[in-house]
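Worksheet for the structure shown next.
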Amino acid sequence: MSGPTAAGTGPSVKVRLGIVGLGSVFEPYAALIRDLKYSGRVEVVAACDIVAGRARRVRDFLHQDTAFSTDYADVTERDDVDAVLVLTAMPSHGEIAAAALAAGKHVLVEKPMSIHLDEAAELVAQARTSPGLLVCAPHVVLSPTYQALWKRVVDDDEIGTVLTARARYGWSGPTWGRWYYDTGGGPLFDLGVYNITSLTGLMGPVKRVTALAGTAIPQREVDGEVIEVSDFDNYQVLLDFGDARSAVVTTGFTMHEYRSPAIELYGTTGVAQMLGDDWAPQGYEIVRADTAGWTTYAEVDPAWPWTAGLRHLVDCVIDSERLLIRPEHAYHCLEVMVKARLAAVSGETQAVSSTVDPVPYDPEAIYVQRGGKVGHDYRIRRHRDD
Numbered sequence: 018m019s020g021p022t023a024a025g026t027g028p029s030v031k032v033r034l035g036i037v038g039l040g041s042v043f044e045p046y047a048a049l050i051r052d053l054k055y056s057g058r059v060e061v062v063a064a065c066d067i068v069a070g071r072a073r074r075v076r077d078f079l080h081q082d083t084a085f086s087t088d089y090a091d092v093t094e095r096d097d098v099d100a101v102l103v104l105t106a107m108p109s110h111g112e113i114a115a116a117a118l119a120a121g122k123h124v125l126v127e128k129p130m131s132i133h134l135d136e137a138a139e140l141v142a143q144a145r146t147s148p149g150l151l152v153c154a155p156h157v158v159l160s161p162t163y164q165a166l167w168k169r170v171v172d173d174d175e176i177g178t179v180l181t182a183r184a185r186y187g188w189s190g191p192t193w194g195r196w197y198y199d200t201g202g203g204p205l206f207d208l209g210v211y212n213i214t215s216l217t218g219l220m221g222p223v224k225r226v227t228a229l230a231g232t233a234i235p236q237r238e239v240d241g242e243v244i245e246v247s248d249f250d251n252y253q254v255l256l257d258f259g260d261a262r263s264a265v266v267t268t269g270f271t272m273h274e275y276r277s278p279a280i281e282l283y284g285t286t287g288v289a290q291m292l293g294d295d296w297a298p299q300g301y302e303i304v305r306a307d308t309a310g311w312t313t314y315a316e317v318d319p320a321w322p323w324t325a326g327l328r329h330l331v332d333c334v335i336d337s338e339r340l341l342i343r344p345e346h347a348y349h350c351l352e353v354m355v356k357a358r359l360a361a362v363s364g365e366t367q368a369v370s371s372t373v374d375p376v377p378y379d380p381e382a383i384y385v386q387r388g389g390k391v392g393h394d395y396r397i398r399r400h401r402d403d
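Using my numbering, read the sequence shown as starting at 18 and increasing by one per residue.
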């Protein structure tokens, strides 16, 4: 089977995968690949990594042998590969994804789709004419909890117009992969991209962006060696959605732990919060102006994996499902991040020229819990004196 002929051919057809990159990101994807293999949806026919010794990871994590190369072209050019997973270091994402699309393959590329706007724009253009589909991480819009929140906030208008929002994702930073700390790496592209994807899916396209950023920890120990950090590791990003609507994203390799919600949405008639992280949600809660306290809704699917874009790609290829993760959305988020970094360097707010259409959900297909745990709000409420 070839990429363009795969769609709509029924569940008996398998999508033949080629994997480029067998490092730290491969392991969580491998868990989903195993599930898809055992259910007869995919088979792995080729793998690649620039480190030859990682060939054994295919057997370690997928329990099989497969063709292996240190040259990604040996995967993207294979006739028996239908879809290519790009799981490499961020700087090479765009180049490999472009090669796979040019070869007519379906592509899943980890975030960001590229670290260069011009390269990303070419990917979007390629995806519009290529027989292959392009799915760009992060996959947060596929989360059942995110979709339930979207349904209540956007489709059902339960908290009115969202006027301001806060989002956060950070940790102390990786101790492997020095490219995380090179120019073009950093927490904004690695972590903040989740929040920006989530917020733009809920609030629409960003019009302007400004940011404060810096290198808070100039030296890090990575792979047993002390290195100099050459990119920012600490960000506060302010997003302007127009019409006096805004949001702030806090991200960095400077945050050991936090317990606050991943996403906070403040509307004209209420507030909604996603608990946990947007890539690993733990439910959500809503309070409205006409209620006495918060209603907490349990996580819709505790087993949902942040690698779910692969299952979505396979479902789109085999069953002709509607593609929910659009390259244009990934490009818009990339422009926001690139412009945020430029704003931090220049001290000037940057205009964002791209836009993004709403995620094409089918509202009727989204499961929304109608019963939640109601808790009293013990904060002092401000009332007008009568």
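In this text, a Cβ means the ideal position worked out from N, Cα and C, and glycines have one as well. Quick caveat: nothing in here was measured; it's all calculated off a predicted structure.
Contact set for residue i: own chain, Cβ-Cβ below 7 Å, skip 5 residues either direction
| i | result |
| --- | --- |
| Glu-127 | Val-42, Val-103, Leu-104, His-110, Ala-154 |
| Gly-57 | Lys-31 |
| Leu-292 | Pro-278, Pro-298, Gln-299, Gly-300, Tyr-301, Glu-302 |
| Arg-237 | Gly-190, Tyr-198, Ile-244, Val-246 |
| Gly-231 | Phe-249, Asn-251 |
| Tyr-55 | none |
| Gly-389 | Thr-312, Thr-313, Tyr-314 |
| Val-385 | Ala-165, Lys-168, Arg-169 |
N- and C-terminal bounds of the beta strand (DSSP E) containing residue i
| i | result |
| --- | --- |
| Glu-274 | Glu-274 -> no beta strand (DSSP E), and no H or E assigned at all. |
| Arg-262 | 262-269 |
| Arg-58 | That residue, Arg-58, is in no beta strand (DSSP E); it is neither H nor E in DSSP. |
| Leu-79 | Per DSSP, Leu-79 belongs to no beta strand (DSSP E); it is in the alpha helix (DSSP H), 73-79. |
| Val-385 | No beta strand (DSSP E) contains Val-385, which DSSP labels as neither H nor E. |
| Ser-189 | Element bounds for Ser-189: n/a, residue is neither H nor E. |
| Gly-34 | With the sequence shown as reference, residue 34 is identified as Leu, and Gly is not the correct amino acid for it. Start and end: 32-37. |
| Leu-102 | 100-103 |
| Leu-151 | 151-153 |
| Val-126 | 123-126 |
Range of the contiguous alpha helix (DSSP H) that encloses residue i
| i | result |
| --- | --- |
| Thr-93 | 90-93 |
| Ile-113 | 110-119 |
| Val-53 | The sequence shown places Leu at residue 53, rather than the Val named in the question. Start and end: 43-55. |
| Leu-134 | 134-146 |
Short Cβ contact (8 Å threshold) for residue i with residue j
| i | j | result |
| --- | --- | --- |
| Ala-228 | Leu-255 | yes |
| Pro-344 | Leu-140 | yes |
| Ala-100 | Leu-125 | yes |
| Arg-145 | Thr-366 | no |
| Gly-284 | Thr-178 | yes |
| Thr-181 | Arg-74 | no |
| His-349 | Ser-363 | no |
| Ala-184 | Ile-280 | yes |
| Leu-282 | Leu-359 | no |
| Val-223 | Asp-260 | no |
| Val-373 | Lys-356 | no |
| Val-334 | His-123 | yes |
For residue j and residue i, believed in contact at Cβ under 8 Å, the rounded distance
| i | j | result |
| --- | --- | --- |
| Met-130 | Ala-347 | 5 Å |
| Ala-391 | Thr-312 | Per the sequence shown, the amino acid found at residue 391 is Val instead of Ala. Correct: roughly 5 Å between the Cβ atoms. |
| Val-331 | Val-98 | That belief does not hold up - the Cβ atoms of Val-331 and Val-98 are roughly 14 Å apart, past 8 Å. |
| Thr-271 | Gly-209 | Going by Cβ atoms, the distance from Thr-271 to Gly-209 rounds to 12 Å, so no, they are not a contact pair. |
| Val-170 | Tyr-211 | Between Tyr-211 and Val-170 the Cβ distance is about 18 Å, and since that is not below 8 Å, they are no contact. |
| Leu-341 | Val-304 | Going by Cβ atoms, the distance from Leu-341 to Val-304 rounds to 28 Å, so no, they are not a contact pair. |
| Ala-405 | Ile-213 | The requested residue 405 does not occur in the structure, where the chain is confined to residues 18 to 403. |
| Pro-204 | Gly-221 | That pair is no contact at about 24 Å. |
| Ser-215 | Asp-307 | That pair is no contact at about 27 Å. |
Close beta carbons around residue i, own chain, < 8 Å, minus the five adjacent residues each side
| i | result |
| --- | --- |
| Gln-143 | Ala-115, Leu-118, Ala-119, Leu-151 |
| Trp-196 | Ala-106, Met-107, Pro-108, Gly-202 |
| Val-62 | Arg-33, Leu-34, Gly-35, Thr-83, Ala-84, Arg-95, Asp-97, Val-98 |
| Pro-45 | Pro-322, Trp-323, Thr-324 |
| Pro-380 | Lys-168, Asp-172 |
| Gln-253 | Ala-228, Leu-229, Ala-230, Val-265, Val-266, Thr-267 |
| Arg-339 | Cys-333, Pro-377, Asp-379 |
Close-in-space but distant-in-sequence residues of the same chain around residue i (CB under 6 Å, 5 per side omitted)
| i | result |
| --- | --- |
| Ala-317 | Note that residue 317 is Val in the sequence shown here, rather than Ala. Excluding sequence neighbours, Val-317 sits near Pro-161, Thr-162, Ala-165. |
| Ser-86 | Cys-65 |
| Leu-351 | Pro-129, Ala-137 |
| Leu-327 | Leu-49, Leu-125 |
| Arg-71 | Leu-39 |
| Ala-69 | Thr-87 |
| Asp-240 | Trp-193 |
| Ala-47 | Phe-78, Leu-79 |
| Arg-398 | Because the pLDDT at Arg-398 is just 47, under 50, the model does not fix this residue reliably, and the point stays unresolved. |
| Tyr-89 | Val-37, Cys-65, Ile-113 |
| Ile-67 | Thr-87 |
Any non-hydrogen atom of the ligand SAH within 7 Å of residue i CB
| i | result |
| --- | --- |
| Glu-112 | Absence of the ligand SAH is noted for the structure shown, with no ligands found whatsoever. |
Which runs of the beta strand (DSSP E) spanning at least 3 residues fall entirely within the stretch 158-182, listed in chain order?
-> none
Which full runs of the alpha helix (DSSP H) of 4+ residues lie inside the stretch 191-250, going along the chain?
-> 210-220
Jot down the residue ranges of each uninterrupted beta strand (DSSP E) in the stretch 290-371, minimum 3 residues, whole runs only, in chain order.
-> 297-305, 312-314
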